[in-house]
Amino acid sequence: MQNHDSSYDKVVPRVILTIRATSSLAAQDVKFHASLDRNLSIALGNTSKSLLSLANAMLMDISPGFKPLEVGEAEIKSSATWRTVSDTLDNCFEKVDMALDLLKSPNKSDFRVTELLEANESDVPEVTEKPQRNFMVKVDNSDTHPFKPKLTQKPHALKPLHETIKLIAEDQNNLHYSHPYEFEIMTQPFPDSQLVTQDPKKPIDWTFSEPIWIDDAMGLNEMVKELEQLSEIAVDLEHHDYRSYYGITCLMQISNREKDWLIDTLALRDNLEILNRVFADPSIVKVFHGANMDIHWLQRDLGLYVVSLFDTYHASKKLGFPKFSLAYLLETIAHFKTSKKYQLADWRIRPLTALMVQYARADTHFLLYIFDILKNKLIEKGNLQDVLYESRRVACRRYEYSTFRKDFNEWPDEQFGLLKRMRLQYNLPNSRATMLESLLAWRDHLARVADESPRYILSNQALINLCNLSFPIDSKKIMSAIGRCSDEVRAELSSVSEIIQKSMENHDGSLEGHEIISPSHDIVNYATALDNYELFNKLKKEPLAKRFQLVMSYSSCFSSVCAQDDLSFSIKFDTNKREILVSQFELENRRDVIKDAFRASIRENEEKNMNKLAVGKPDSLIDASNIDKTKTELQEKLPEIFSLSNKNRRTNRKMLTKSSAEPIFDYNAPENTKVLGSITAEPKNKKRSFDPFSKAGSGGPRAAKRTKNAPVGKSGSFKNKRS
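Just so we're aligned, residue 275 is where the sequence shown starts under this note's numbering, counting upward by one.
Quick look at the structure:
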């Protein structure tokens with residue numbers, strides 16, 4: 275401790291003196307003094323480079339991906355440059371803050387980074403049979419009705435089950451069942467013990483414990499009894515959606531402060547509703563990271579609902595972290611570096627490999643410790659209630675089948691539909707739109723029947739390749755366009771050929787009508803909408819030139835509206851991003867306002883020009899004697915004009931700037947007219963307009979210069995070398 279105090283006493287006073295000297299130097303006009311003293315200028319330049327190199331070295335130590343700053347005033351003063359510096363420093367201060375928290379904690383110990391090593395596993399088992407075939411309740415992909423919650427009982431209910439599961443019909447196209455736990459989620463208070471700062475509790479040593487595997491009812495019941503006694507747990511899921519139409523939840527990870535459980539949700543899929551005794555208990559905090567999709571999977575596959583959710587993703591966003599991923603939180607807070615290899619692994623594999631077990635366990639093993647630190651920071655900054663509200667909204671998300679996903683705030687990808695997105699992405703002509711629609715419907719039906727994902731049946735690129743085929747159509751062409759495909763597609767080649775031929779016959783087999791599809795939807799956020807509203811108000815007051823500049827320069831949306839009569843926009847509403855909806859009717863009115871404003875301005879300017887012409891004198895009334903008088907006065911002043919002969923001579927371009935500043939004297943002129951001006955440097959070989967009153971031009975316009983003959987037998991480079 276004495277060594278730390280002595281180093282503190284040595285370093286801090288020097289830092290203070292350096293800051294004072296820097297501040298006093300910044301108050302002086304350093305550039306002015308440097309311009310007077312060449313040695314001082316050189317010394318300042320060298321010192322600046324040295325300081326900049328030190329700053330770059332420190333910033334790169336903080337963030338290895340930092341791009342070094344370059345020497346130059348423009349580079350240093352750039353807002354983009356300082357934005358990266360600011361982000362890096364924020365990251366540094368955040369790490370310092372976390373380190374201080376660790377030092378202040380009573381159970382502090384030396385922290386070392388633990389890394390989940392990657393290995394080449396050649397003995398990874400393969401899935402030979404689809405696990406869906408062993409489910410007691412078979413998967414229903416019919417999509418003929420809205421999704422109905424799988425609850426058979428409702429633990430910790432404030433409203434009974436029969437009152438909460440009701441079919442709601444907002445309109446004929448929007449049928450859905452209500453969220454059975456929405457009232458409990460939004461009204462149940464967060465536990466009081468979780469609203470105050472507490473010392474973070476470190477998890478048990480990673481190497482001294484093993485996760486508990488749960489794949490039978492007995493182990494499940496024992497785990498539930500133990501979880502009911504806790505005040506907080508960490509939860510995560512592993513999902514697979516490539517060999518299933520809607521996807522299946524393959525694994526659930528649950529951790530407390532001392533144990534980790536891995537629940538086989540494939541084996542216990544029909545028995546996990548008992549977990550609602552824990553998940554719906556408002557006194558137990560459930561910590562997730564990025565729970566948007568987890569909430570949907572729990573409802574769809576397991577019939578589980580979460581009350582008192584805390585989402586560390588929204589906590590990291592509210593705290594302004596540079597990254598919001600779980601991997602970033604694990605590395606910066608828990609000092610655990612995980613592997614990205616198993617993010618997209620096939621979690622249907624049984625038994626799981628050793629590294630897959632460790633990867634799954636890491637997602638929840640450190641999450642409660644991360645929760646402690648983030649919660650304390652949120653309480654200190656007064657942002658805890660905001661994160662709890664966002665977490666409640668996540669818990670209230672309601673799963674729905676694809677046909678009934680009409681709430682575009684919850685399902686934003688469903689707003690424009692797959693057909694329209696693919697046409698825009700691949701620029702498919704209108705003549706092939708019907709063919710693509712038929713192929714998409716065929717692929718979707720085949721995927722539902724086989725319980726496979728549509729992309730497993732046939733990729734989007736393969737569908738586009740099929741749409742671009744030409745006559746004649748045969749199986750060889752189809753297989754060439756598809757490439758590798760599933761067995762289901764090979765058995766349906768005749769159906770594919772029939773769909774393509776019928777679509778071509780409906781369009782006379784022609785590929786004419788290629789038309790670039792311009793996007794008809796623009797997302798306009800809240801700030802842009804306010805700016806556009808102000809622009810419309812200015813259009814009614816400003817003259818024509820300013821109106822045109824405002825519309826064309828500052829609003830690409832309105833410039834497009836002015837240029838195209840058939841352009842339309844739809845602007846979606848998103849409460850998270852504060853985006854607002856503008857109707858098509860309102861956009862049509864806006865376009866009419868712009869056109870009327872321009873027409874009125876054009877008429878106004880035309881009337882002004884006509885009035886000016888009416889006030890001016892006709893050409894026949896101009897006195898010719900005034901022209902002769904002006905000409906005579908100009909000719910009398912010709913001797914006072916100093917002109918230079920335009921001889922062909924070489925001019926030193928380096929001296930051009932210097933000579934241009936020298937004044938011109940006429941020593942024969944009177945005293946008050948000696949200085950006539952300064953020579954202005956003009957580009958060489960510039961074509962000047964003919965001046966009838968100049969001496970040089972007394973002979974009329976000059977003839978074109980004769981071009982020099984190029985040297986024969988010698989290249990330009992040879993000539994330059996000789997000279």
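The C-beta atom is built at its ideal place from N, Cα and C for all residues, glycine as well.
Straight-line Cα distance separating residue j from residue i
{"i": "Leu743", "j": "Glu766", "result": "17 Å"}
{"i": "Ser705", "j": "Pro746", "result": "17 Å"}
{"i": "Ile442", "j": "Pro477", "result": "45 Å"}
{"i": "His453", "j": "Ser665", "result": "16 Å"}
{"i": "Asn780", "j": "Ile773", "result": "11 Å"}
{"i": "Glu762", "j": "His719", "result": "11 Å"}
{"i": "Ser760", "j": "Cys366", "result": "51 Å"}
{"i": "Met630", "j": "Arg722", "result": "30 Å"}
{"i": "Val411", "j": "Leu363", "result": "55 Å"}
{"i": "Met778", "j": "Glu458", "result": "56 Å"}
{"i": "Ile293", "j": "Arg312", "result": "26 Å"}
{"i": "Leu583", "j": "Trp487", "result": "24 Å"}
{"i": "Thr402", "j": "Arg517", "result": "12 Å"}
{"i": "Thr471", "j": "Leu299", "result": "44 Å"}
{"i": "Lys694", "j": "Ala724", "result": "25 Å"}
{"i": "Ser768", "j": "Asp414", "result": "27 Å"}
{"i": "Asp620", "j": "Glu400", "result": "9 Å"}
{"i": "Asp417", "j": "Val770", "result": "23 Å"}
{"i": "Gly670", "j": "Met709", "result": "At residue 670 the sequence reads Cys, which differs from the Gly that was named. Answer to the nearest angstrom: the Cα atoms are 39 Å apart."}
{"i": "Thr358", "j": "Phe340", "result": "8 Å"}
{"i": "Gln838", "j": "Gln462", "result": "Residue placement at Gln838 is flagged as unreliable, the pLDDT there being 45, under the threshold of 50; the coordinate-derived value follows with that caveat. The straight-line gap from Cα to Cα measures roughly 53 Å."}
{"i": "Val561", "j": "Gln468", "result": "12 Å"}
{"i": "Asn550", "j": "Val289", "result": "58 Å"}
{"i": "Leu540", "j": "Pro474", "result": "35 Å"}
{"i": "Leu314", "j": "Asn320", "result": "10 Å"}
{"i": "Val285", "j": "Leu291", "result": "10 Å"}
{"i": "Cys524", "j": "Tyr616", "result": "14 Å"}
{"i": "Asn330", "j": "Val370", "result": "19 Å"}
{"i": "Lys649", "j": "Val509", "result": "17 Å"}
Coil, strand or helix - residue i by DSSP
{"i": "Val268", "result": "Not covered by the structure: residue 268. The range shown for the chain is 275 to 997."}
{"i": "Asn381", "result": "Bear in mind that a pLDDT of 49 at Asn381, under 50, signals an unreliable position, so the model cannot answer this."}
{"i": "Val289", "result": "helix"}
{"i": "Asp585", "result": "strand"}
{"i": "His419", "result": "coil"}
{"i": "Ser705", "result": "helix"}
{"i": "Trp535", "result": "strand"}
{"i": "Ala715", "result": "helix"}
{"i": "Trp571", "result": "helix"}
{"i": "Lys655", "result": "helix"}
{"i": "Ile747", "result": "coil"}
{"i": "Val243", "result": "Nothing in the structure corresponds to residue 243, since the chain is present only between 275 and 997."}
{"i": "Phe367", "result": "helix"}
{"i": "Ile623", "result": "coil"}
{"i": "Val561", "result": "strand"}
{"i": "Lys284", "result": "helix"}
{"i": "Lys323", "result": "helix"}
{"i": "Ile644", "result": "helix"}
{"i": "Lys592", "result": "helix"}
{"i": "Arg386", "result": "Reliability fails at Arg386, whose pLDDT of 48 lies under 50, so the model's placement of it is uncertain and the value that follows must be treated cautiously. Arg386 falls in the coil class under three-state DSSP."}
Nearest-angstrom beta carbon gap, residue j and residue i [assumed within contact, 8 Å]
{"i": "Tyr675", "j": "Pro420", "result": "7 Å"}
{"i": "Phe668", "j": "Ile569", "result": "First, the residue type needs correcting, since residue 668 is Val and not Phe in the sequence shown. Correct: roughly 6 Å between the Cβ atoms."}
{"i": "Glu502", "j": "Val552", "result": "6 Å"}
{"i": "Leu318", "j": "Val304", "result": "7 Å"}
{"i": "Ser529", "j": "Ile548", "result": "That pair is no contact at about 19 Å."}
{"i": "Asp544", "j": "Ala565", "result": "Not a contact, Cβ separation roughly 23 Å."}
{"i": "Tyr1004", "j": "Gln573", "result": "This structure leaves residue 1004 out entirely; the chain is present only between 275 and 997."}
{"i": "Leu425", "j": "Leu435", "result": "6 Å"}
{"i": "Tyr455", "j": "Val581", "result": "6 Å"}
Distance cut-off 7 Å: residue i Cβ against heavy atoms of the ligand NAD
{"i": "Lys424", "result": "Ligands are entirely absent from the displayed structure, and the ligand NAD is therefore not among its contents."}
- Which parts of the segment 422-461 are runs of the alpha helix (DSSP H), unbroken and 4 residues or longer, counting only runs that do not cross its ends? 435-438, 456-461
- Validate contact between the segment 566-579 and the segment 594-612 using beta carbons, cut 8 Å, 3 pairs: no
- Message: I'd like to know if the segment 656-663 and the segment 632-642 are in contact, where contact means that at least 3 CB-CB pairs between them fall below 8 Å.
- Response: no
- Starting from the N-terminal side, write out each stretch of the beta strand (DSSP E) that is 3 residues or longer and does not extend beyond the segment 507-559. 522-529, 534-538
- Message: I want to know whether the segment 485-504 touches the segment 583-599 - three or more CB-CB distances under 8 Å.
- Response: no
- Message: Quick test of the definition: if touching needs 3 or more C-beta pairs under 8 Å, does the segment 705-714 touch the segment 542-557?
- Response: no
- Message: Does the segment 532-547 come into contact with the segment 619-636, if we say contact requires no fewer than three beta-carbon pairs (one atom in each stretch) closer than 8 Å?
- Response: yes
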